[in-house]
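Residue numbers (this note's numbering): -12 to 388.
Note that CB positions come from ideal geometry on N, CA and C, so glycine has one too.
No experiment lies behind these values; they were computed from the predicted model shown.
What follows is one structure encoded as structure tokens, with my remarks underneath.
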């Protein structure tokens, strides 16, 4: 009996391996009615699907509601890939993709199409369930635990608080009054953790307004302090109906961070820094500049000014325009295309120290943030291409020269 059992398991294993060589990938969350909608088919055989393969989409009653052609994408990671695009089909409901050609008969799992499908499938889990669990696991008793470790980085908390504010601002009728209150309570929790890192920076001798990167560290990063000014000002607006005292406190913290970084930025670390030149696209062996802001930090300063203005501090408009102009002067012109692209931004304004060799802002500059040698210069890179504040300035002040 044992031998027969093992034989069955072995046979089943072979079957599973054979099936696993081919597969259909689809969104487990579902698809928004007006967004891009695709199935991805993979196989280790380049002739798995013909060049003129047709797919069909069937509803829950097994009626065919849409047909299209499968497009061969190419080879990657030792596997061949095809795309079945059904973007033009926009009727909400439950559907299955099918491909039938002779002996070939494959079907996908059931997928969902609906209005705001991504939002409705995710926001409760992420904004409430996950944050509640992460709050319970935070070793400081404040903020939230990181998803991959017990870290509680300043910059990642800023992103979370920023997103919670955006949920309230753009959620509209999709959120109940109780959910809005719960979101504001989470904003308070996250921002209070950020406030504790500002307090620690002051007691550590960095001055009033600076922030440290994590509760167990004493690293002060240029971009983090700029983010502090932005997020304290933004949070102040959204928690005001719930806690007016906290709102007033956050606004003052925002001003102190802005004043500190304007006076002391960019932050210079007395220790020798590893610039991670390959990550930044800089020449090999390049050293960090001593007196230049990274573009991402200039954009965040503009963002801080915008949020301060929206919090009632209109005097920051002049500074917002100044920082936006500093950023725009670094934009790659059409005459200097990079890989066929232009309109993105150089990392710095002056490249004299690198012999005039220019390089542009990269998205993965947070790499190396955990190592001692690169901890100051490469930390906090969570907003590398953040032009939203410039867009918002155009909306707020459309007639500004």
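The region 57 to 76 and the region 32 to 48 touch, with no fewer than 3 CB-CB distances between them shorter than 8 Å.
When beta bridges are read from the DSSP output, residue 83 appears opposite 45. For residue 170, same chain residues with a beta-carbon under 7 Å away, outside a window of 5 residues either side, are 114, 151, 154 and 155 in chain order. Setting aside the 5 residues that flank it on each side, residue 35 is surrounded in the same chain by 9 and 67, each with a C-beta closer than 7 Å to its C-beta; the list follows chain order.
Excluding sequence positions up to five before and after residue 97, its CB lies within less than 6 Å of the CB of 81 and 83, all in the same chain and listed in chain order.
Measuring C-alpha to C-alpha distances from residue 365 to each of 378, 374, 377 and 349 identifies 349 as the nearest. Burial state of residue 21 is exposed, judged by a 10 Å Cβ sphere holding fewer than 16 other Cβ atoms. Counting only runs that start and end inside the region 230 to 308, the alpha helix (DSSP H) elements of at least 4 residues fall at 231 to 251, 264 to 267 and 282 to 297. Contact fails between the region 161 to 170 and the region 178 to 196, because fewer than three Cβ pairs, one in each stretch, are under 8 Å apart.
In this structure, the straight-line span from the alpha carbon of residue 371 to that of residue 208 is close to 14 Å.
The three-state secondary structure of residue 35, taken from DSSP, is coil. Between residue 333 and residue 324, the C-beta gap is not smaller than 8 Å, which leaves the two residues out of contact. Approximately 10 Å separates the beta-carbon atoms of residue 57 and residue 27; this is outside 8 Å, ruling out the contact. The criterion of a C-beta distance shorter than 8 Å is not satisfied by residue 78 and residue 93. For the options 30, 222 and 95, the alpha carbon positioned closest to that of residue 14 is the one of 95. With contacts defined as CB atoms closer than 8 Å, residue 173 and residue 229 fail to qualify as a contacting pair. By the CB criterion at 8 Å, residue 305 and residue 380 fall outside the cutoff. In summary, residue 329 is exposed, with fewer than 16 beta-carbon neighbours lying within 10 Å of its beta-carbon over all protein chains present. Measuring C-alpha to C-alpha distances from residue 271 to each of 214, 327, 246 and 341 identifies 341 as the nearest.
DSSP, reduced to helix, strand and coil, places residue 112 within a helical segment of the structure shown. Between the alpha carbons of residue 149 and residue 49 lies a distance of about 44 Å. If you draw a straight line from the Cα of residue 309 to the Cα of residue 31, it comes to about 55 Å. Its chain contains 196, 212, 215 and 216 as the residues whose beta carbon lies nearer than 6 Å to that of residue 244, once the 5 sequence neighbours on both sides are disregarded; these appear in chain order.
Cβ neighbours of residue 338 within its own chain (closer than 7 Å, five residues either side excluded): 344 and 345. Per the coordinates, the alpha-carbon of residue 227 lies some 32 Å from the alpha-carbon of residue 282.
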